[in-house]
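A quick write-up on the structure given underneath.
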Amino acid sequence: MWRPRTTRAVAYITAGVVVLGLIALAVVVAPQFKLFDRVLMVVFGLAVAWVLHMLARCRVVADDTGLTVVNAFRTRRLAWPEVLGVSMTEGDPWPTLDLADGTSIGAMGINGAEKALAARQLTELKSLLRTRSETPDPA
Numbered sequence: 019m020w021r022p023r024t025t026r027a028v029a030y031i032t033a034g035v036v037v038l039g040l041i042a043l044a045v046v047v048a049p050q051f052k053l054f055d056r057v058l059m060v061v062f063g064l065a066v067a068w069v070l071h072m073l074a075r076c077r078v079v080a081d082d083t084g085l086t087v088v089n090a091f092r093t094r095r096l097a098w099p100e101v102l103g104v105s106m107t108e109g110d111p112w113p114t115l116d117l118a119d120g121t122s123i124g125a126m127g128i129n130g131a132e133k134a135l136a137a138r139q140l141t142e143l144k145s146l147l148r149t150r151s152e153t154p155d156p157a
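Just add 18 to the spot in the sequence shown (first one is 1) and you have my numbering.
Printed below as a string of structure tokens:
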């Protein structure tokens, strides 16, 4: 399983700060704000935390049958033969998986901002693709 470390930490810490900050604000806010306004502040904080959680849950999981790519708002299951290759150039936020149907998808579970970790994870994924997705020679 590949997942970004820094992104997860930043997202969850930020979510906690936002939720706790808005709860504190709702408690100590000026009296002209009614209960409904205070509840909306907390709901807004929870909505922000949910979006941050969706970003933090990104991962790429490999098993014997294929890849599961969990991006922010979509999960996609791919069999090994469906994945033709993976590429990530300098400055890309995450790698791109080239698929047999002519499309491509981003694999947000490998974060380009974490240069050394991303390079290692990309090498591991490329190695798995070479061994698992290529069809054996009929000779």
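Ideal Cβ positions, reconstructed from N, Cα and C, are used throughout, including at glycine. Fair warning: this is a prediction, and the values are worked out from it, not measured in the lab.
- For R150, there is no enclosing beta strand (DSSP E); the enclosing alpha helix (DSSP H) covers residues K133 to R150.
- Per the C-alpha coordinates, the member of F62, V88, V57 and R148 positioned closest to M19 is V88.
- According to the DSSP assignment, G103 belongs to no alpha helix (DSSP H) but to the beta strand (DSSP E) extending over V101 to S105.
- In this structure, the beta-carbon distance from V104 to P113 falls below 8 Å.
- By the beta-carbon neighbour count (other beta carbons within 10 angstroms, threshold 16), G130 is buried.
- Just so you know, the alpha carbons of Q139 and C76 end up roughly 14 Å apart.
- The alpha carbon of T93 has as its nearest neighbour, out of T149, L143 and L85, the alpha carbon of L85.
- If you look at A125, you'll find it isn't in any alpha helix (DSSP H); DSSP assigns it neither H nor E.
- Per DSSP, the unbroken beta strand (DSSP E) holding T86 starts and ends at G84 to V88.
- In the DSSP assignment, V46 falls within the unbroken alpha helix (DSSP H) covering R23 to V46.
- Cβ-Cβ distances below 7 Å link T32 to L70 in the same chain, with the five nearest sequence neighbours on each side left out; the list follows chain order.
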